[in-house]
Amino acid sequence: MSQALQALPHRHVLTLPAVPKAVRVARETAEQTLVEWGIGLRHRAVDPALLILSELVTNSVRHAAHVSPEVTVIYAAAHDCFAFAVHDRHPHKPHLRTALTGPGAWPP
């Protein structure tokens, strides 16, 4: 788990079989966890974050399941932010990218 996620006071870890149903379970768990942590599901960042989470889990299921029978989702939050991390055990790791924020961020 990254240091940034470890620094957030709320954390939940979910490990699922790498099957299509994992996408729905990961998303439903995210919704339930955010509510438990006091983050309203109507917050403007929640829907895009859940979509991204769904895409990440889908990618793990579609592209890594043959070598990684499980996918792990880490949920983390503080009073002013929340984050998700998706991990599988596929030996090829994509390059880590950071979010672009502020002036000059996409879209231009």
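Numbering (UniProt numbering), first residue to last: 1 to 108. Cβ coordinates follow ideal geometry from the N, Cα and C atoms, glycine included.
Leaving out five residues before and five after L53 in sequence, what residues of the same chain have Cβ atoms less than 8 Å from its Cβ?
Only A26, R27, A30, V73, F84 and V86 meet the Cβ criterion.
Would you decide whether D88 is buried or exposed? Buried here means 16 or more other CB atoms lie within 10 Å of its CB.
D88 should be labelled buried.
In chain order, what residues of the same chain have a beta carbon less than 7 Å from the beta carbon of P20, not counting five sequence neighbours either side?
Answer for P20: V61, listed in chain order.
Boundaries of the alpha helix (DSSP H) in which I52 is found, first to last residue
Unbroken alpha helix (DSSP H) run through I52: V46 to A64.
With DSSP collapsed to three states, give me the class of R89.
R89 sits in coil when the DSSP states are folded into three classes, being neither helix nor strand.
Reference Q32; option with closest CA among H12, T98, L8 and S68
Looking at H12, T98, L8 and S68, the one whose alpha-carbon comes closest to that of Q32 is H12.
Output the distance between the C-alpha atoms of P69 and Y75, rounded to the nearest integer angstrom.
Taking the straight line joining both Cα atoms gives about 20 Å.
Could you tell me the boundaries of the alpha helix (DSSP H) in which residue 157 lies?
Outside the displayed range of the chain (1 to 108) lies residue 157, so it cannot be described from this structure.
Out of H79, N59, C81 and A78, which has the shortest C-alpha to C-alpha gap to P93?
The sequence shown places Lys at residue 93, not Pro. For the residues H79, N59, C81 and A78, the minimum Cα distance to K93 belongs to N59.
Enclosing beta strand (DSSP E) for T15 [first to last residue]:
Where T15 is concerned, the enclosing beta strand (DSSP E) stretches over H10 to P17.
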